[in-house]
Amino acid sequence: MLTSLPRHIGVIMDGNGRWAQLRGLPRVEGHRRGAERTKDIIKAAQEVGIEVLTLYAFSLENWQRPEEEVATLMELLHFYLTTEIADLLGKGIRFRMIGDREKLPFEIQQVIADTEEMTSSGKGLTLVTALSYGGRDEIVRAVRKALSRGLSPDEMDEEGFGMLLDTAGLPPVDLIIRTSGEKRLSNFLLWQGAYAELYFTETLWPDFSKEEFLFAIQDYQRRERRFGTVTPSLRLQ
Ligand code: IPE
Ligand code: IPE
Ligand code: MG
-12 MLTSLPRHIG
-2 VIMDGNGRWA
8 QLRGLPRVEG
18 HRRGAERTKD
28 IIKAAQEVGI
38 EVLTLYAFSL
48 ENWQRPEEEV
58 ATLMELLHFY
68 LTTEIADLLG
78 KGIRFRMIGD
88 REKLPFEIQQ
98 VIADTEEMTS
108 SGKGLTLVTA
118 LSYGGRDEIV
128 RAVRKALSRG
138 LSPDEMDEEG
148 FGMLLDTAGL
158 PPVDLIIRTS
168 GEKRLSNFLL
178 WQGAYAELYF
188 TETLWPDFSK
198 EEFLFAIQDY
208 QRRERRFGTV
218 TPSLRLQ
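Mapping of the sequence shown onto my numbering: residues -12 to 224, in sequence order.
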């Protein structure tokens, strides 16, 4: 029996630097090619009928990279948001950002806020960009919110806490894909991915195709999710 489609897919888009290095190109060229790839995957997610696609574009830890690389990544982001907005609107895509937005350059914060507002009534795919994002940081910011609102211990439960996270209102992530052969989460969706299925591939992000994305979804559909219960086949006996 096939599991139904994942409602929420998260992607750790890794391997841009190695892709460029293998070709004797500067790392930033890998980021440029990676950004192009992102468009195909967003399109495929929408065609398949995925509800939420969360793309890990820049982690909190990535701020420690060389200034030039960080600046190019910010420029790319600004460029894509301003040039792709018409396309997002046309396709009914709702854009949302998770992460510590106060650390981002002011003009990027503005473009993000404008894009979120302009696309807020989109009824299609919800496209979440994890930017300046760290799962631990998101949890700590949520705890701070709870304390500043004066919530008492009795008022706190998992559902309520989830509403204090950046992903408030989104379904938990069902499938996390990571490219480039690394098998770790690197601080991505720590709370939301508690029962996520994981798909790792050696493919570097700029080479990750629509076909492989669809393959990852099919692979997910063949898995048996248990959430800590007995296997469905045993349940029948
Ligand atoms: C992922 O590619 C993109 C970001 C982290 C912004 P990398 O830049 O991490 O590529 P590798 O891991 O060095 O190959
Ligand atoms: C994770 O990749 C972050 C993104 C893809 C945006 P990294 O390349 O930063 O992760 P590590 O350093 O290999 O764990
Ligand atoms: Mg990397």
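Virtual Cβ for every residue (Gly too), placed ideally from N, Cα, C. As the structure is a computational prediction, the values presented were derived from the model and not from experiment.
Check, Outcome
"Alpha carbon to alpha carbon, what distance is there between R165 and D194?", "13 Å"
"Can you look up M84 in the DSSP assignment and give me helix, strand or coil?", "strand"
"Locate the alpha helix (DSSP H) running through Y182, then write down its first and last residues.", "Careful: Y182 lies outside any alpha helix (DSSP H) and carries neither H nor E."
"Rounding to the nearest angstrom, what Cα-Cα distance links V115 and D1 in this structure?", "17 Å"
"By how many angstroms is the C-alpha of V217 removed from the C-alpha of Y120?", "35 Å"
"Enumerate in chain order the residues of its own chain whose CB-to-CB distance from W6 is below 6 Å, with the five nearest sequence positions on each side excluded.", "G17, L191, P193"
"Since Y43 sits in a beta bridge, which residues does DSSP pair it with?", "I(-1), A117"
"Any contact between the stretch 133 to 141 and the stretch 61 to 71? By contact I mean 3 or more CB pairs, one from each, below 8 Å.", "no"
"Using only the alpha-carbon positions, how far apart do I37 and I163 sit?", "13 Å"
"Enumerate in chain order the residues of its own chain whose CB-to-CB distance from N3 is below 8 Å, with the five nearest sequence positions on each side excluded.", "R14, G17, H18, R20, G21, L191, W192, P193"
"My parser needs the beta strand (DSSP E) runs of 3 or more residues fully inside the stretch 101 to 178; what are they?", "113 to 120, 162 to 165"
"When the Cα atoms are used, what is the spatial distance from I80 to I28?", "13 Å"
"Quick check on the burial criterion: 16 or more other C-beta atoms within 10 angstroms. Buried or exposed for S46?", "buried"
"Do T113 and V35 have their C-beta atoms within less than 8 Å of each other?", "no"
"Considering T69, what are the terminal residues of the alpha helix (DSSP H) in which it resides?", "54 to 77"
"For D124, which residues in the same chain have their Cβ closer than 7 Å to its Cβ, ignoring the five residues on either side in sequence?", "L47, D87"
"Below 8 Å on the Cβ atoms is my guess for A117 versus L177; work out the distance and round it to an integer in Å.", "Not confirmed; about 12 Å, so no contact."
"Between the stretch 194 to 211 and the stretch 177 to 186, do three or more beta carbon pairs fall short of 8 Å?", "yes"
"Note the first and the last residue of the continuous alpha helix (DSSP H) segment covering T25.", "14 to 35"
"Taking the beta carbon of N97 as the centre, do at least 16 other beta carbons fall within 10 Å, making it buried, or is it exposed?", "Contrary to the premise, residue 97 reads as Gln rather than Asn in this sequence. So Q97 counts as exposed."
"Measuring only the C-alpha atoms, how far is T70 from E199?", "26 Å"
"Report all residues for which the CB-ligand distance to some heavy atom of ligand 1 is below 5 Å; order them along the chain.", "D1, G2, N3, G4, R5"
"Here's a check: name, in chain order, each residue in its chain whose Cβ is nearer than 7 Å to the Cβ of I95, leaving out the five neighbours to either side.", "M61, L64, H65"
"Taking the straight line between their C-alpha atoms, what separation do you get for R83 and K197?", "22 Å"
"Once DSSP output is grouped into helix, strand and coil, what is the label at E38?", "coil"
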